[in-house]
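Under this note's numbering, the first residue of the sequence shown is numbered 17, with each subsequent residue one higher.
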Amino acid sequence: MIELLTHNMAPVMFGALIVFLLLGYPVAFALAANGIFFGLIGVELGLLHPSLFQALPQRLWSVMSNDTLLAVPFFTFMGLILERSGMAEDLLDTIGQLFGPLRGGLAFAVIFVGALLAATTGVVAASVISMGLISLPIMLRYGYDRRFATGVIAASGTLAQIIPPSLVLIVMADQLGKSVGDMYAGAFIPGLCLAGLYALYAGGVAVFKPSWAPALPLAARTFREPDGGSGIASLALQVIVAVAVALAFAKYHYPPDAPTDELLVVSTSVGVGVAFVAAVINRLLKLGLLSRIAERVTFVLIPPLALIFLVLGTIFLGVATPTEGGAMGASGALVMALARRRISFSLLRQAMDTTAKLTSFVVFILVGARVFSLTFYGVDGHIWVEHLLTGLPGGQLGFLIVVNILIFVLAFFLDFFELAFIVVPLLGPVAAKLGIDLIWFGVLIGVNMQTSFMHPPFGFALFYLRSVAPAKDYTDKLSGKLTPKVTTGQIYWGAVPFVVIQCIMVALIIALPGIVTGGLAKKEAVNTDQMRIEVPVEASESEEAPLMGDPAAASDAEDAAKDEDDPAKAVERAPRADDKSPPGASADAAKPPAGGK
């Protein structure tokens, strides 16, 4: 039994951790306890030396001194302040009115606002709860199918996990030893593509199941022009001008090989800036060129878009690190809350209290993971995982398929922090050994881990929505009608199509890796054939030591070297025993004169 345990310490240790987690023990304590317990067993069995635990203080200090993790409290605080400042309410109200006349318009509005909140808050709970409180009653009031409505809200809230600035991407970059900025750049396009797939599904529902997603009735459309028009034409013209300016700026200011993420953020910011200036001039001079809906959309959308540029723009341009970008984002969120007069001491205290709790949660899990990994690596657990995964059939593709299935299954029981701290450090070295780009791999795993928020029955986004969805029948305040409750089963079934869409996105990233790598900065290729190495020589040696850059001299030197290595040439050059000529004399000079004695 002891011999069996000695030879299989790593798998036994990993299995014991899974058992502790399934029994409901806190993740941080389960990790640390397993590490210490099996470390002591390893010392007793002679597998580990007691001095191994002397490395523990240094590993814990590396967690506390990690500057990258400072971005976690900054982005969390920013999201909480924005969630309480009323920005989500204004966005949902305005965008809902904009898309309301369309079938499925409220669903499109939720997806659009979800993507925008993801790019500003980066916190799933804030997005899901805000949209659940604001949009769900309106969608139920106007006859939206309950499964479709709850699924759209929960899925749109989880976009905060993959669209920068995402907390999971910060942790992923830290665990894989890569730059947070590169991870953000790689995830930017996949996040937008995922939002596009959600919108495509909502459009399909509106076409094939129109009763599930009706348009807003005329009485519910509050933004009307004095002549009764919608004012959409004015907004469309403003959008066309802004897009034209953005495209022109991108074409004439950036080279064709510019990073996609930087190109999108900066060009969009220029176009938005032009639209904002036009709206301000129209209001100040009372020109009346823009409709009510155009002005409303402009002044509601500009602040969050400006905050996105303040955070992501500075990171992608290289002006700020992700930690500094998070600090600027937190400051910008405070300014926006002050401008809206939505901030108070109690609100600030609540945000700081929640930020401190979440940050402590992350750091404690990371400390536990370091204790666990110290023993796990000591018993060669990483070699066991490497042999287990590199031996899979199919090479890279087989490894990716198995890993994504593993993450998908574990996501039923573990949240993204637990997956990032336990599983990702074991998979990263194997992926690197197989030649897989770790930025691309991190984004792929991040999209897969996003399903952990949507998995019935343990998805956190579903729990957040369940906490704000009506649990019993209620009377709608506006219509006065009795509205049935939203059941837990309806929330779970509504999430299933969006989990399938997330799996499709994982397959697209594997099939089209350029979705991720296209957003990264292009690395300059080095032509080794044109490299020239010049070795400085003394003046006295310049005649004997030709420069390596001179082809003719290099050829002569190579021929001379060959002569030196030729045994026959060496015999000819070797002086005979009776040869008294100096080493530098020629062979003819060494011979006696003809006829001489």
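Every residue gets a Cβ at the ideal spot worked out from N, C-alpha and C, and that includes glycine.
Taking the Cβ atoms as the reference, Q177 lies roughly 6 Å from V140, within the contact range of under 8 Å. Between the alpha carbons of A211 and P233 lies a gap of roughly 26 Å. The DSSP-derived three-state label of T166 is helix. In the DSSP assignment, K267 falls within the alpha helix (DSSP H) that extends over 248 to 269. Short of 6 Å from the beta carbon of G451, and not among the five residues preceding or following it, lies no beta carbon of its own chain. Annotated three-state conformation of L443 is helix, per DSSP. L280 carries a helical assignment under DSSP once its states are collapsed to helix, strand and coil. The residue among T174, H65, V316 with its C-alpha nearest the C-alpha of Q113 is V316. Residue pairing of Y160 in beta bridges, as defined by DSSP: absent, with no partner found. T136 carries a helical assignment under DSSP once its states are collapsed to helix, strand and coil.
With respect to M470, V515 sits close: the two C-beta atoms are nearer than 8 Å.
Separation of the CB atoms of L63 and M25 is rounded to 6 Å, and the pair is thereby assigned contact status at 8 Å.
About 5 Å separates the CB atoms of I145 and Y480; that is less than 8 Å, so the two are in contact. Within the same chain, Cβ atoms closer than 8 Å to the Cβ of P230 are found at R119, Y158, G159, Y160, the five residues on either side in sequence being excluded. Contact annotation: G334 and P181 have beta-carbon atoms that are not nearer than 8 Å. Under the 10 Å beta carbon count, L498 is surrounded by fewer than 16 other beta carbons and is classified as exposed. F325 is not a Cβ neighbour of E278, given a cutoff of 8 Å.
Shown here, Y490 sits in a strand according to DSSP, grouped into three states. Secondary structure note for N420: its alpha helix (DSSP H) is the uninterrupted segment 411 to 426. The Cβ atoms of L405 and V446 sit closer than 8 Å to each other. Around the C-beta of M80, fewer than 16 other C-beta atoms lie within 10 Å, and the residue is accordingly described as exposed. Nearest neighbour of P27 by Cα position, chosen from L442, Q518, Y508, K449, turns out to be L442. Going by DSSP, M470 is part of no alpha helix (DSSP H) at all; its letter is neither H nor E. Where R357 is concerned, there is no enclosing alpha helix (DSSP H), because DSSP gives it neither an H nor an E. Secondary structure note for Y41: it is in no alpha helix (DSSP H), with a DSSP letter that is neither H nor E. Of the residues assessed, W456 falls on the buried side of the cut-off, its CB having 16 or more other CB atoms within 10 angstroms.
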